[in-house]
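Enquirer: In the working numbering, the protein residues as written are 1133 to 1238. A virtual CB, placed ideally from N, CA and C, is assigned to each residue, including glycine. There's a structure below that I have some questions on.
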């Protein structure tokens, strides 16, 4: 089983950069903002702390198009560190090899 730090190191080694969520969309460098329809979730990693079940994180890996990828990390559960706007944004991003998605907002 991989740890969060191992996955983040591997993404870094592959040149995959972290995306930042803003009200304009997801961005790597604030020169280009991606809307949910411009992204595709290609992989999701979920982590639960072995010694602390409340230590939960999730990593979304996104296809940005043009053979470019990015990722976003978020705590989930009690320690969710993003607001409802982030959660609603993620819900709207299509997921690779996933059936029809139910879209709803909090």
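In three-state DSSP terms, what is residue 1170?
Expert: The residue you call residue 1170 lines up with position 38 of the chain shown. Three-state DSSP puts residue 1170 in a helix.
Enquirer: Excluding the 5 residues preceding and the 5 following residue 1138 in the sequence, name in chain order all residues of the same chain whose CB lies nearer than 7 angstroms to its CB.
Expert: Working through the chain shown from its first residue, we reach residue 1138 at position 6. Hits under 7 angstroms: none found.
Enquirer: Exposed or buried, which one is residue 1169 when buried takes at least 16 other CB atoms within 10 Å?
Expert: Within the chain shown, numbered from 1, the residue matching residue 1169 stands at position 37. Residue 1169 is exposed by the Cβ-count criterion.
Enquirer: So, is residue 1202 buried or exposed, given that buried needs 16 or more other C-beta atoms within 10 angstroms?
Expert: What you label residue 1202 is simply residue 70 of the chain shown in a count that begins at 1. That one is buried.
Enquirer: Quick one: Cα of residue 1238 to Cα of residue 1198, how far?
Expert: Residue numbering aside, residue 1238 sits at position 106 when the chain shown is read from its first letter. Residue numbering aside, residue 1198 sits at position 66 when the chain shown is read from its first letter. The pLDDT assigned to residue 1238 is 49, lower than 50, so where the model puts this residue is not dependable, and the model offers no usable value.
Enquirer: Going straight from the alpha carbon of residue 1145 to that of residue 1164, what length do you get?
Expert: For the purposes of this step, residue 1145 is identified with residue 13 of the chain shown, where counting begins at 1. For the purposes of this step, residue 1164 is identified with residue 32 of the chain shown, where counting begins at 1. C-alpha separation (whole angstroms): 23 angstroms.
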